[in-house]
Amino acid sequence: MMYIKRDPQGKIVAVSREPADGGGWSAAGEDDADLLGFGRDIIEGANPMGASDLGLVRVLEDLIELLVERSLIRFTDLPVPAQHKLMERRGAREALQHLSLLDDDGVI
27 MMYIKRDPQG KIVAVSREPA DGGGWSAAGE DDADLLGFGR DIIEGANPMG ASDLGLVRVL
87 EDLIELLVER SLIRFTDLPV PAQHKLMERR GAREALQHLS LLDDDGVI
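Per the working numbering, residue 27 is the first one in the sequence shown, and the count goes up by one each step.
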């Protein structure tokens, strides 16, 4: 559970892991859309390359997959930590795709 404080326009201006003294604080789940957006804004502000870094990661994943499919490299040629990270990300993408497909059918 996280605690957030909003300005008069409803924009998050502060976040705390512990309940804070004073008014204006409310509880928010860690998956709250506004809270996630606030965190993303902080990260992108601290690292202006952050958004392009995420895009580049996906490009590299696709490039590695293409090289493996065309037998130009073997997946096992990659360092073991890289193999694990790529497999984790592939699994996460497949799970997200599955959720997206459920939403398209109006199930969610």
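Ideal Cβ positions, reconstructed from N, Cα and C, are used throughout, including at glycine.
Just curious, the beta strand (DSSP E) that residue i is in, first and last residue?
i, result
"M28", "M28 to R32"
With DSSP run on the structure shown, which of helix, strand or coil describes residue i?
i, result
"A40", "strand"
"R84", "helix"
"P107", "helix"
"R100", "coil"
"M113", "helix"
Kindly identify the DSSP beta-bridge partner or partners of residue i.
i, result
"S52", "I30"
Taking the alpha-carbon of residue i as reference, which of the options has the nearest alpha-carbon?
i, options, result
"Y29", "R96, D79, V94 and L61", "L61"
"D33", "E44, P45, G49 and R43", "G49"
"E87", "M75, P107, R116 and A53", "R116"
Our contact map puts residue i next to residue j with C-beta atoms below 8 Å; I'd like the distance itself, whole angstroms only.
i, j, result
"I38", "F64", "4 Å"
"G55", "M27", "7 Å"
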